[in-house]
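Asks: The opening position of the sequence shown corresponds to residue -18 in the working numbering, with each subsequent residue numbered one higher.
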Amino acid sequence: MRVYVGMDVHRKRSQVALVDEHGSQLLNRNLPNDSAELTSILGRLAPGTPVAFEAAYGWGWLVELLEELELEPHLVHPSRCKAIASARLKNDKVDAATLAQFLAWRNERLAASYAGRVEGATLAERTDALAEVLNEQGFMAEVEPADGGLRLCQHNCTVEHLATELPDLCASEAELFERLLGTRVERETTIVDGAVRCETRIDLGTRGKRPHNRTTPSPNRKAARSPA
């Protein structure tokens, strides 16, 4: 079972919500910003579990903790998170749950939509099938050879307006490609970062092998383990 985590982080305490791949809530608890307290919940999760949290109150300490636990941090700016902004009840418990549910819903919806069509005996066949699906959605995708693998190129980004505000969407898309193709992928360039096209390198590897991704450390990485 895949688990997704949403956190609403404040100076002394944080709301932590866990949902499954169907968006069903598994836990929603308010905890002090203490490494041991948070580890009692987060430390039981599988490596690579995504954790979405709002940017507030010096979050560098949290990124350090999540990376030590081999979890995958996703920073979301509160003023740009449309899912939270549209919530009827605006409170910490709703914030944390909505972040987790949005991440789970988007990943699983796209995976379900693509999975039945991204098929093939070889990696090249699956990559061609993925490019075809992306083309139908307006991404203008093509596949090129690359040293030791393939390169999936997208000449258009139909979600550029959203990715500009939520950069984690690009990382989420790369994770989706890994799940569908069953091999390691690496996002090399993106249109939202100023490139002329999005390029994703696809390694020739074993189907089903999924690596753990890291996010770029924040400037606050040297912050204290827990805020005062």
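Ideal placement from N, C-alpha and C gives every residue a C-beta, glycine not left out.
Here the structure is a predicted model, which is why all the values come from computation and not from measurement.
Suppose the cutoff is 7 angstroms on Cβ atoms and the five residues either side in sequence are ignored; what does the same chain contact list for M121 look like?
Replies: Contacts found: Q135, H136, N137.
Asks: Quick test of your reading: V(-14) and V44, contact by CB under 8 angstroms. State the CB separation rounded to the nearest angstrom.
Replies: With 8 angstroms as the limit, V(-14) and V44 do not qualify as a contact, their Cβ atoms being about 14 angstroms apart.
Asks: Out of G24, W42, S153, F34, which has the shortest C-alpha to C-alpha gap to L50?
Replies: Of the listed residues, the one whose Cα sits closest to L50 is G24.
Asks: Taking all protein chains shown into account, do 16 or more other C-beta atoms lie within 10 angstroms of the C-beta of R(-8), making it buried, or fewer, making it exposed?
Replies: With fewer than 16 other Cβ atoms within 10 Å, it is exposed.
Asks: Using only alpha-carbon positions, find the residue among G163, D1, M(-18) that is nearest to R107.
Replies: Closest option to R107, Cα to Cα, is G163.
Asks: Once you ignore the five residues that flank E123 on each side, which residues in its own chain have a CB closer than 7 angstroms to its CB?
Replies: Hits under 7 angstroms: A112, C134.
Asks: Quickly, what does DSSP pair D174 with across the bridge? List them, please.
Replies: DSSP, once it has assigned bridges, lists no residue as partnering D174.
Asks: Residues in its own chain within less than 7 angstroms of E141 by CB, not counting five upstream and five downstream?
Replies: Cβ neighbours of E141 beyond the five flanking positions: I172, V173.
Asks: Find out if the Cβ-Cβ distance for the pair T170, E159 is shorter than 7 angstroms.
Replies: No, the pair does not count as a contact, with Cβ atoms beyond the cut-off.
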